[in-house]
Each structure stands twice: as structure tokens, then as C-alpha cells.
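Sequences listed follow chains U and F, in order. Using our numbering, count along the first sequence one by one with no gaps and you end on 227. Using our numbering, count along the second sequence one by one with no gaps and you end on 199. Beneath this line is the structure, given in C-alpha cells, with notes to follow.
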Amino acid sequence: MVSRLPSWPRVLSLAAASLAAALLLVSFGFATLKPVRVVPRQELAPGWVLHGPDGERVSSEELRGRIVLYTFSPLDCGARCVPMDSVLRELGRRLSSDPVDGVHASLVTIALDPDPTAERLADAGERRGAVGTEWRFVGGEAAALERTVRAGFRVWYEEGPDGSWRFDPAFVLVDGTGLVRERYRFGVPPVSYLLEDIRLIAREARASGGFARLAYEAAHLFGCFPR
Amino acid sequence: MRMGRAWIAVAFSFVLTSVAAYSLLRERPSFHGMLLEPPLPAREFTLESAAGPLGTAQLRGSHAVLFFGYTSCPDVCPTTLARLAAALRQAGPRAERGVRVVMVSVDPQRDTAARLAAYTSAFGPQFQGATGTPEEIARVASAYGVAYMRSDVETAAGYLVDHTSTLVVLDPQGRMRLLWSPVTTVDEMASDLRILLGR
């Protein structure tokens, strides 16, 4: 009769082992199956005040609550910016016709030329196809560009003595709270990548309350990133 | 009999897992601000306060809340600092003793270190003000995602400065841990502080 009774230390060890195995299995499943995907939070994006094509002051604060894709280029960029502009035009068109999952997104190109006039910004917007879309050009004085672009976004640029520009054609995606979520440094990312990341950030912003928030935090912890 | 023991173990671990999951989900502290997990590195800075240099190096070792404002600010700054003071009181003695609040001036032309000290001390002994040259302030503000500009509006107290009023919470290791938007309530900030300090 006595021998039929369970040996409690053994039962407890078995229970602890199966609990650990279950937790390990859940963690492994979460990390490999990625049931919830997120775009990683990387750092705080810089705060900035520059001016737009109507001469108006534009700041990062006005864009708070929106997902913003930043790019950086001189206004007269020539053939070098053709692939970048093509992606931004297409993305700008898609975003202006339809907010992604109810969240608005904007495209901002920071002109690397110091002190561009409002007319030059407007002209660049028109030439490069930004008019009528969610894409806009902003610019500012050299010190503000240094602070925002070089120190803040950590994007390298340099104007040569002949007026030519060398720069890092980076794309930087910032969420509505002002956190950098993705940097696309190697070539121009396809529109589908950008839209996917914007959609993931929008979904997280919309759905990460209550129990869903735990799932999103776990996704950040387990590195459930799209690529 | 071995099978019987195994089933007991499985059933026991199922009950244990269910209880743990239930209590975790029911009791799990939930932040109201934007929790940065893992924490993000904070940009290093050193500014001036009435008591000497004040920056990330001096703030290491305790939780700190960074706010960017100015002493002539008519509305947002005094209310934000008053709400923070109330949140610290509500969060308990550990928060009152262990959390430092630094208001970095976005109006370095008018805000001297002495003026900032007189202003911030009204909110509590853990409140300090920091200032620097306009270039230093611009660099620090930008690094913490803060935009500010002199407004065109003039009041009896002089010009106004429009600025971001997000609060950044740094952990004792000097990393960014939490962001509070300007609409975070006193109760929410107090709750977040209690969780950060381990209740």
C-alpha cells in the first residue's frame, strides 16, 4: 500500500523539470516561429527644428505620433538619387492614398545643403516628385544639420571643394514616440520592405495594450524581427 | 506505478504553470510609459548647475528623470514639475530619496544656474536645473529627441520657447529606460516609479 504512494521529492523534481521544459519549449517556439513580429527599438531619434518649402518652421515635435521615414541628400542630387527618389515617390503615393493600419506615416528628406531657401526646397520637391504626396523636403543652417544629421541620425556627409557631395544614402525609420526602429544602410530598400516595417510598427502602436503588450514585449525580448 | 508518478508530476506541473501564469498576468507590473526593453544607451553630457557640473556621470547610481523646459515657461513646465513632485511623493519614500529630476533649460540666454536652482528647488530637494551654452543645450536636446524654438509670441514675461515636453527616465546605469509623454498622469508615473524601484 505504502509503495503505491508517490515519492514527493521525485514528483517535485519531475514537475520542476517538466515546467522548465515547458518554459524552454515556449521560449524556443516564440523565438523560432515568431508569432508576433516587431521592428527593433534602436535609439532615440534626434529632436530638430528646420524649415520647409513654404518657409515655415517644421520640427520633429509636429511629427510626433506619426511614423517618419527620413532620408538625406543634397537638393541637386542628379543621377545618384534616382533610385532613392523612385522608392520615395512610390511610397509617398501609397501612403497619401491610404494610412497604414490607421497610422499616418510621413517621408522627410533633410537637405544637406546648408541654408537652402524655401524656393530651392519647393523646387526640389517638384523636380523629384514629392508634390501631392506624403513626402517633403526640409532644410536648415549648417549647425542644425550637423546636430541633426551627423550627430543625431549618425549619417555621414561631406561637400567637396568643387561643390559635389559625398554622403551616406541612409533611410531611417522612426516611430510615433520618436524612437529609431530601422536603418537601411545598404542600398535603397524596396518599397515592400519599407511598407512591411511601417505596417509592423503601426500594428504594434495600435495593438500593444493589455495582454497584447506582453506579447509585443516578448517579441522584442526574443528578437522576433522581420529580417 | 512509474506511469502513475509521471502523470502526477505532469498534473502537478500543469497546475503550477497555470498558477504561475495566472499570477504573472494578474500581478505583472505594467508600465504606463514607453518601456525601453532592452534599455537604450543614453548620450553622455555634462552641463552646469548651481552645485557644479551636472550630467550623465553625476546621475549614475540613481534613477533620474530628464525634462527640458525653462523658468519663464508659463504653463507646461511648472505643471509637469509639480506632477512629477506629486508622483514622487505618491511613489513612496524610496522614490523621494532615490530619484533625481533634472530640468535642462532650453532658454540658456535667460536661465542662469542660480535662477534654475531657485526655480527647481521649489518642487523638492531632488529637483535640479542644468544649463550651458546655446550650442551645448542644442546638442543635448537634440540627442534626447527634444525640439525647441523661440516662439513669435511675446508675453509680459518676455518671449516664449516652444519645446518638446517628453520626460526621459534614466536608470542607475545611465541608460534610457522609460519615456513618459506629457499626458502621463501622476498615478501612472507613480506606478511606473514603484515598479522601477522594485516596489
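Every residue gets a Cβ at the ideal spot worked out from N, C-alpha and C, and that includes glycine. Quick caveat: nothing in here was measured; it's all calculated off a predicted structure.
Between M149 (chain F) and S59 (chain U), the beta carbon gap of about 7 Å places them in contact (Cβ cut-off 8 Å). A direct Cα-Cα distance of roughly 9 Å separates A130 (chain F) from T46 (chain F). The straight-line gap separating the alpha-carbon atoms of R57 (chain U) and G140 (chain U) is approximately 10 Å. The CB of H220 (chain U) comes closer than 7 Å to the CB of E37 in chain F, given here in chain order. If you draw a straight line from the Cα of M34 (chain F) to the Cα of L178 (chain F), it is about 5 Å long. Leaving aside the five residues that flank R128 (chain U) on each side, the residues in its chain whose CB is nearer than 6 Å to its CB run, in chain order, D85.
In this model, A124 (chain U) and L112 (chain U) are separated by some 12 Å (Cα to Cα). In the pairwise beta carbon analysis, the region 72-81 of chain U is classified as not touching the region 189-206 of chain U: fewer than three pairs are separated by under 8 Å. Remark: C-beta atoms of A50 (chain F) and A117 (chain F) approach each other more closely than 7 Å.
Look at R183 (chain U) here: in three-state DSSP terms it is strand. In this structure P74 (chain F) is exposed. Its beta-carbon is surrounded by fewer than 16 other beta-carbon atoms within 10 angstroms. Contacts with chain F at 7 Å (Cβ-Cβ) do not include L112 (chain U). Scanning chain U for C-beta atoms nearer than 8 Å to the C-beta of S191 (chain F) yields nothing, as the closest lies near 15 Å away. Listed along chain U is no residue with a C-beta nearer than 7 Å to that of V140 (chain F); the closest approach is about 10 Å.
Using a Cβ-Cβ cut-off of 8 Å, R57 (chain U) is close to M149 of chain F, given in chain order. At a cut-off of 7 Å between beta carbons, L25 (chain U) makes no contact with chain F. For Y70 (chain U), DSSP records a beta bridge to U:V108 and U:V172. Scanning chain F for C-beta atoms nearer than 8 Å to the C-beta of G152 (chain U) yields S142 and A143, reported in chain order. The Cβ atoms of L88 (chain U) and W165 (chain U) do not sit closer than 7 Å to each other. Judged by their CB atoms, T117 (chain U) and F137 (chain U) are not nearer to each other than the 7 Å cut-off.
Boundaries of the beta strand (DSSP E) harbouring Q128 (chain F): F127 to A130, taken from the DSSP string.
In this structure, DSSP gives S151 (chain F) an extended state, which the three-state scheme calls strand. Between the beta-carbon of V104 (chain F) and that of V65 (chain F) there is about 11 Å, and that puts the pair past the 8 Å contact cut. Its Cα nearest to that of D107 (chain F), the residue F:D162 stands out among F:A122, F:R97, F:M189 and F:D162. The residue from U:E204, U:I198, U:G176 and U:F167 with its alpha-carbon nearest to that of G187 (chain U) is U:F167. With 16 or more other Cβ atoms from the protein chains shown falling within 10 Å of its own Cβ, E43 (chain U) counts as buried. When secondary structure is reduced to three states using DSSP, Y144 (chain F) falls in the coil class, being assigned neither helix nor strand. With respect to chain F, the C-beta atom of G47 (chain U) has a partner C-beta closer than 7 Å.
Chain F places no beta carbon closer than 7 Å to that of E182 (chain U), leaving this residue out of the contacts. Q126 (chain F) counts as buried, since at least 16 other C-beta atoms from the protein chains shown sit within 10 angstroms of its C-beta. The closest CA to that of L214 (chain U), considering only U:R37, U:R154 and U:S18, is found on U:R37. Around the Cβ of V155 (chain U), a 10 Å sphere holds 16 or more other Cβ atoms; the residue is buried. Of the residues assessed, E154 (chain F) falls on the exposed side of the cut-off, its CB having fewer than 16 other CB atoms within 10 angstroms.
Apart from the 5 residues on each side of it in sequence, G178 (chain U) sits with its Cβ closer than 8 Å to the Cβ of L44, A45, G47, S60 and R64 in its chain, given in chain order.
Ranked by Cα distance from S62 (chain F), the options F:A113, F:T79, F:L170 and F:P134 are led by F:L170.
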